[in-house]
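K.L.:
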Amino acid sequence: MPELPEVEVVRLGLAPAVSGATVVAVEVRDHRALKRHVPGTGDDGLGGHGVTLAPEAGAARAADFERRLTGLRLGTPVRRGKFLWIPVGPPAAGARVVGAGEMALLAHLGMSGQLLLRELDAAGDRHVRIRLWIEHPEHGELRIDFADQRLFGSLALDRLAAAPDGIGEVPVQALHIARDPLDPAFDDAAFVAALRRRGSGVKSLLLDQSLVSGVGNIYADEALWRARLHPETAGSVVGARKAAELLRLLRDVFAQALAEGGTSFDEQYVNVNGQAGYFAHQLHSYGRTGLPCDRCGTLIVRERFMNRSSHYCPKCQRLAKAQSAAAK
DNA sequence: CCGCCTTCCTGACAGC
DNA sequence: TGCTGTCAGGAAGGCG
Numbered sequence: 001m002p003e004l005p006e007v008e009v010v011r012l013g014l015a016p017a018v019s020g021a022t023v024v025a026v027e028v029r030d031h032r033a034l035k036r037h038v039p040g041t042g043d044d045g046l047g048g049h050g051v052t053l054a055p056e057a058g059a060a061r062a063a064d065f066e067r068r069l070t071g072l073r074l075g076t077p078v079r080r081g082k083f084l085w086i087p088v089g090p091p092a093a094g095a096r097v098v099g100a101g102e103m104a105l106l107a108h109l110g111m112s113g114q115l116l117l118r119e120l121d122a123a124g125d126r127h128v129r130i131r132l133w134i135e136h137p138e139h140g141e142l143r144i145d146f147a148d149q150r151l152f153g154s155l156a157l158d159r160l161a162a163a164p165d166g167i168g169e170v171p172v173q174a175l176h177i178a179r180d181p182l183d184p185a186f187d188d189a190a191f192v193a194a195l196r197r198r199g200s201g202v203k204s205l206l207l208d209q210s211l212v213s214g215v216g217n218i219y220a221d222e223a224l225w226r227a228r229l230h231p232e233t234a235g236s237v238v239g240a241r242k243a244a245e246l247l248r249l250l251r252d253v254f255a256q257a258l259a260e261g262g263t264s265f266d267e268q269y270v271n272v273n274g275q276a277g278y279f280a281h282q283l284h285s286y287g288r289t290g291l292p293c294d295r296c297g298t299l300i301v302r303e304r305f306m307n308r309s310s311h312y313c314p315k316c317q318r319l320a321k322a323q324s325a326a327a328k
C-alpha cells in the first residue's frame with residue numbers, strides 16, 4: 001500500500017511526462033474516485049467529503065471535473081506525505097513554465113490507487129476509474145490512468161492556498177497535513193515536543209498525519225522495530241533523545257525504501273510503469289509474523305490495535321514496566 | 001483538545 | 001461447488 005516512498009516514486013515517474021503537458025481529454029468512468037472533488041471553485045468547503053452521492057450528483061461531479069480539467073496546462077508534481085498534486089493553469093501563451101497556478105490536480109492513492117502512464121493504444125489495466133489524455137511538447141501524447149481497486153484513493157481539482165508555516169502553497173484539502181520527514185522544512189524539534197505531549201501510543205502518533213505525514217502501517221512498524229519501541233508506548237514516556245532517534249530511523253527507512261523503488265507488499269503498489277518495488281525483502285517486522293526477529297531471533301508477533309495490525313518483536317520492543325502493568 | 005469508533009470499498013481467502 | 005464471513009487499511013467525521 002502506498003506510503004511516502006511509494007508516492008514519491010510515482011511523483012518522480014510522473015514528473016518528466018506531465019510537466020508542461022496539456023490535458024487533451026478527461027474521462028471519469030467511476031465518480032466514486034472523485035470523492036474529494038468539490039464541484040465549482042473547489043474552495044468553498046461545501047460538498048461533504050466522503051459522503052455517498054446520489055447518482056445524479058455523482059454524474060454532475062464527474063462532468064464538472066472533466067469540463068474544468070480539459071485544456072489546462074500541467075506543472076511539476078509536488079508531494080507532501082502521501083498527498084500528490086500537480087499545479088494546473090491556463091494554457092500558456094508561450095513556453096512559460098507552469099507551476100504558480102491557483103489550482104491543482106490533487107491525488108491520494110489510498111490503499112490501492114495507481115497512476116499509470118500508458119501509450120494511447122495500450123490495453124486498459126484493471127480497475128481504471130479515471131483517464132486523462134495529455135499532450136507533451138516533447139513526448140507527444142500519453143494517457144494517464146488512475147486505477148484503484150478498493151476506491152480509498154481519489155483525484156480532485158482543488159484550490160492552492162498558502163501553507164500554514166508560510167513556506168509555499170498546498171491544496172486546501174491538504175492544509176492540515178504536516179510536512180513529512182523528507183521535507184527540508186520539517187521541524188524536528190516541534191515533532192519531538194508534540195510526540196512527548198501526547199498520551200497515545202507511539203504507533204498511532206506516527207500514523208497521525210497532522211504530526212508527521214507519509215507514515216502508514218508498514219513504515220510505522222519498521223521504524224518502531226528499528227527504534228526498539230513497543231507500538232503502545234505512550235508518547236509522553238519517550239525521552240527527547242529517543243524521540244529524535246525514532247525520527248532519524250524513520251528517515252532512514254524512508255530513504256532506503258525509496259532507493260529500492262518502494263514496498264510492493266500485496267501487489268497493490270506499482271510505479272507509473274506498472275512495476276513493483278523491492279523493499280519488501282528488507283522489512284524486519286511488517287508481515288513477518290512467526291518469523292525470527294533479525295536482531296534477537298525471538299518470533300515476531302502480530303497484534304491488533306485500533307483496527308490495525310502491529311508487528312513487533314516482543315523481546316526487543318518491550319513496554320515500560322509501569323505501562324505494561326497499567327495496561328492490565 | 002483528545003482519543004476512540006465507524007464508514008467508505010473490493011477481492012482474496014478460509015471454512016462449512 | 002458455492003455460499004458467507006473475515007481481513008486488508010488511509011482518512012475523516014462524529015461522539016463522549
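Residue 51 in the working numbering sits at position 51 of the first sequence, with consecutive numbering throughout.
Glycine included, C-beta positions come from ideal geometry on N, C-alpha and C.
1) Contact between the segment 156-175 and the segment 127-143 is defined here as three or more beta-carbon pairs at a separation below 8 Å; is this criterion met?
2) Using three-state DSSP, classify Phe254 as helix, strand or coil.
3) Report, in whole angstroms, the separation of the C-beta atoms of Gly110 and Phe83, which I expect to be a contact under 8 Å.
4) Would DSSP call Asp221 helix, strand or coil?
5) Determine the direct distance from the alpha carbon of Met1 to that of Val10, and round the result to whole angstroms.
6) Per DSSP, what kind of secondary structure is Gly153 in: helix, strand or coil?
7) Please name the residue, chosen from Gly239, Ala227 and Met103, that lies closest to Trp85 on a Cα-to-Cα basis.
8) Suppose you measure from the CA of Phe279 to the CA of Ala123; what does that come to, to the nearest Å?
9) Along the chain, where does the beta strand (DSSP E) that runs through Ala147 open and close?
10) Which word fits Leu14, buried or exposed, when buried means at least 16 other C-beta atoms lie within 10 angstroms of its C-beta?
11) Restricting to Cα atoms, I'd like to know which of Arg29, Gly40, Asp125 and Leu74 is closest to Gln268.
12) On the CB-based measure, 16 or more other CB atoms within 10 Å of its CB, does Lys315 come out buried or exposed?
13) Going by DSSP, what residues sit across from Arg68 in a beta bridge?
14) Going by beta carbon distance, what residues of the same chain come within less than 8 Å of Arg29, once the five residues before and after it are set aside?
15) I'd like the span of the beta strand (DSSP E) that includes Leu182, first residue to last.
16) Ignore the nearest five residues each way along the sequence and tell me which others in Leu157's own chain have a CB closer than 7 Å to its CB.
P.N.:
Result, derived from the coordinates:
1) Contact fails: fewer than three Cβ-Cβ distances are below 8 Å.
2) Sequence index remark: in the first sequence, residue 254 carries index 254 (1-based). Of the three classes helix, strand and coil, the one that applies to Phe254 here is helix, per DSSP.
3) In the first sequence, counting from the first residue as 1, residue 110 sits at position 110. In the first sequence, counting from the first residue as 1, residue 83 sits at position 83. The pair is not a contact, with the Cβ atoms about 11 Å apart (cut-off 8 Å).
4) Residue mapping note: residue 221 aligns to position 221 of the first sequence, counting from 1. Helix.
5) Taking the first sequence and counting its residues from 1, one reaches residue 10 at position 10. Taking the first sequence and counting its residues from 1, one reaches residue 1 at position 1. Taking the straight line from one Cα to the other gives about 13 Å.
6) Residue mapping note: residue 153 aligns to position 153 of the first sequence, counting from 1. It is coil, neither helix nor strand.
7) By 1-based counting over the first sequence, the position of residue 85 is 85. With distances taken between Cα atoms, Trp85 lies closest to Met103.
8) Stepping through the first sequence from its first residue, residue 279 is reached at position 279. Stepping through the first sequence from its first residue, residue 123 is reached at position 123. When rounded, the distance between both Cα atoms is 28 Å.
9) Mapped onto the first sequence, residue 147 falls at position 147. In the DSSP assignment, Ala147 falls within the beta strand (DSSP E) that extends over Gly140 to Asp148.
10) Indexing the first sequence from 1 puts residue 14 at position 14. That one is buried.
11) To locate residue 268, count along the first sequence from 1; it is residue 268. Restricting attention to Arg29, Gly40, Asp125 and Leu74, the CA atom closest to the CA of Gln268 is found in Asp125.
12) Locating residue 315 in the first sequence gives position 315, where the first residue counts as 1. Label assigned to Lys315: exposed.
13) As a working note, residue 68 is residue 68 in the first sequence. Paired residues: none, contrary to the question.
14) Taking the first sequence and counting its residues from 1, one reaches residue 29 at position 29. Cβ within range, chain order: Val128, Arg129, Ile130 and Arg131.
15) Residue mapping note: residue 182 aligns to position 182 of the first sequence, counting from 1. No beta strand (DSSP E) contains Leu182, which DSSP labels as neither H nor E.
16) Stepping through the first sequence from its first residue, residue 157 is reached at position 157. For Leu157, where only same-chain residues beyond five positions count, the Cβ hits under 7 Å are His37, Gly42, Phe65, Arg68, Leu69, Met103 and Leu105.
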